[in-house]
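Residue numbers (the working numbering), protein chains in the order written: chain A, 1 to 116; chain B, 1001 to 1113. Glycine is no exception: its CB is placed at the ideal position from the N, C-alpha and C atoms. Taking it in order: structure first as structure tokens, then the write-up.
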């Protein structure tokens, strides 16, 4: 099966600009996650979708971050306006509904964001 | 609240020697434990998991991990390290009833030829 697709691979923006990341999960995977991985740290969950509904967005900085998953397939994560501390790798992952325990996640390659 | 500790930022081992990457956890109730590996410019790849049953879990690429409930540990092991095992390793835990995985800070493994 095809993996989790993410684009772009790299992005460099100036602070206060906006940026958007795209994720296409594995076909049939109902659950989609966005993680932020700052250099030297483990991935931190930003938001979790089940189909097109939000399950958990408690760690999402909602004043600047937004995410959507229209039609329960692709997802976009947006940052507006970006801050220097948003420099990180943004990872998308997906799993079949209710199977995180058994199968864990499948991760995409990530988008490396640099805010200057 | 769930937490994961990987006490070593860096582990160096000679090729052919056994390797251990340490992980301890804290959860309420039964833990569901995972190891992932991350190669440069790649996403995280699933290695193995412990859900229930045998405390010794075998995974991909010859890796295994031992669940120790009394020590709340889930150390990753391999009998004979390869240079190609050099990567960043993450331990993760899912607490019973939680929706998602909580990751440790990672351990960089370097296998020296």
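(message) Just to confirm before moving on: does the CB-CB distance between residue 1089 (chain B) and residue 1004 (chain B) stay below 8 Å?
(response) Here the question's residue 1089 (chain B) lines up with position 89 in the second chain. Here the question's residue 1004 (chain B) lines up with position 4 in the second chain. No, Cβ-Cβ distance for residue 1089 (chain B) and residue 1004 (chain B) is not below 8 Å.
(message) For residue 161 (chain A), which residues in the same chain have their Cβ closer than 8 Å to its Cβ, ignoring the five residues on either side in sequence?
(response) Since the displayed chain A opens at 1 and closes at 116, residue 161 (chain A) lies outside it and no answer follows.
(request) Taking only the alpha-carbon atoms, compute the straight-line gap between residue 28 (chain A) and residue 105 (chain A) and give it to the nearest angstrom. (result) The count along the first chain starts at 1 and reaches residue 28 (chain A) at position 28. The count along the first chain starts at 1 and reaches residue 105 (chain A) at position 105. For residue 28 (chain A) and residue 105 (chain A), the distance between alpha carbons rounds to 13 Å.
(request) Only counting runs of 4 or more residues, tell me where the alpha helix (DSSP H) segments fall wholly within the stretch 24-106 of chain A, in order along the chain. (result) Correct list: 100-103.
(request) Using a threshold of 8 Å, state whether the C-beta atoms of residue 65 (chain A) and residue 91 (chain A) are closer than that. (result) Locating residue 65 (chain A) in the first chain gives position 65, where the first residue counts as 1. Locating residue 91 (chain A) in the first chain gives position 91, where the first residue counts as 1. It is not a contact, given that the beta carbons lie outside the stated cut-off.
(request) Could you check the C-alpha separation between residue 978 (chain B) and residue 1015 (chain B) for me, to the nearest Å? (result) Coverage of chain B is limited to positions 1001 through 1113, which leaves residue 978 (chain B) absent and any answer about it impossible.
(message) List, in chain order, every chain D residue whose beta-carbon is nearer than 8 Å to that of residue 1105 (chain B).
(response) Within the model displayed, chain D is absent; protein chains A and B are what it includes.
(message) Can you confirm whether residue 94 (chain A), when its beta carbon is compared against all beta carbons of chain B, has any partner nearer than 8 Å?
(response) Translated into positions along the first chain, residue 94 (chain A) becomes position 94. No, residue 94 (chain A) lies away from the interface with chain B (no Cβ there is under 8 Å from its Cβ).
(request) Can you give me the Cβ contacts of residue 1026 (chain B) inside the same chain, cut-off strictly under 7 Å, excluding the 5 residues immediately before and after it? (result) In the second chain, the residue the question calls residue 1026 (chain B) occupies position 26. 1002, 1003, 1072.
(message) Would residue 1094 (chain B) and residue 1036 (chain B) qualify as a contact pair, given that the criterion is a beta-carbon distance under 8 Å?
(response) The sequence position of residue 1094 (chain B) within the second chain is 94, counting from 1. The sequence position of residue 1036 (chain B) within the second chain is 36, counting from 1. Not a contact, by the Cβ cut-off of 8 Å.
(message) Taking CB distances under 8 Å as the criterion, tell me whether residue 48 (chain A) reaches chain B.
(response) What you label residue 48 (chain A) is simply residue 48 of the first chain in a count that begins at 1. Yes, residue 48 (chain A) counts as interfacial toward chain B.
(message) 8 Å is my cut-off, CB to CB: does residue 1055 (chain B) come that close to chain A?
(response) Within the second chain, residue 1055 (chain B) is the residue found at index 55, counting from 1. No, residue 1055 (chain B) does not count as interfacial toward chain A.
(request) Using a Cβ cut-off of 9 Å, pull out every chain A residue sitting near residue 1067 (chain B), in sequence order please. (result) In the second chain, residue 1067 (chain B) corresponds to position 67, counting from 1. Ordered by position in chain A, no residue passes the 9 Å Cβ test against residue 1067 (chain B), which lies about 15 Å from the chain.
(message) Would you say residue 1090 (chain B) lies against chain A (beta-carbon separation less than 8 Å)?
(response) On the second chain, position 90 is the one that residue 1090 (chain B) refers to. So, interface residue.
(message) Measuring alpha carbon to alpha carbon, tell me which residue in A:89, A:39, A:59, A:33 is nearest residue 95 (chain A).
(response) Here the question's residue 95 (chain A) lines up with position 95 in the first chain. The residue with the shortest Cα to Cα distance from residue 95 (chain A) is A:33.
(request) Assign residue 1086 (chain B) to one of three DSSP states: helix, strand, or coil. (result) Here residue 1086 (chain B) refers to the residue found at position 86 when the second chain is read from its first residue. Three-state result, residue 1086 (chain B): coil.
(request) Return no unless some Cβ of chain B is closer than 8 Å to the Cβ of residue 107 (chain A). (result) Counted from its first residue, the first chain places residue 107 (chain A) at position 107. Cβ-Cβ to chain B under 8 Å: yes for residue 107 (chain A).
(message) So, with DSSP's three-state summary, where would you put residue 1060 (chain B)?
(response) Within the second chain, residue 1060 (chain B) is the residue found at index 60, counting from 1. The answer is helix: DSSP assigns residue 1060 (chain B) an H, G or I state.
(message) Can you give me the C-alpha to C-alpha distance between residue 47 (chain A) and residue 23 (chain A), rounded to a whole angstrom?
(response) As a position in the first chain, residue 47 (chain A) is number 47, starting the count at 1. As a position in the first chain, residue 23 (chain A) is number 23, starting the count at 1. When rounded, the distance between both Cα atoms is 13 Å.
(request) Tell me, to the nearest whole angstrom, how far the beta carbon of residue 13 (chain A) is from that of residue 88 (chain A); I am working on the premise that it is less than 8 Å. (result) In the first chain, residue 13 (chain A) corresponds to position 13, counting from 1. In the first chain, residue 88 (chain A) corresponds to position 88, counting from 1. Wrong, their Cβ atoms sit about 13 Å apart, outside the cutoff.
(request) Can you tell me the Cβ-Cβ gap for residue 45 (chain A) and residue 59 (chain A), rounded? I've got them flagged as a contact below 8 Å. (result) If you number the first chain from 1, residue 45 (chain A) lands on position 45. If you number the first chain from 1, residue 59 (chain A) lands on position 59. Yes, they are in contact, since the Cβ atoms of residue 45 (chain A) and residue 59 (chain A) sit about 6 Å apart, within 8 Å.
(request) Taking a Cβ distance cut-off of 9 Å, strictly less, list which residues of the stretch 21-37 of chain A are near chain B, in chain order. (result) Answer in chain order: 31, 33, 35, 37.
(message) Tell me which residues share the same chain as residue 1085 (chain B) and place their Cβ nearer than 8 Å to its Cβ, disregarding the 5 neighbours each side in the sequence.
(response) Residue 1085 (chain B) sits at position 85 when you count from the first residue of the second chain. Closer than 8 Å at the Cβ level, and outside the excluded window around residue 1085 (chain B), lie 1019, 1061, 1078, 1109, 1111.
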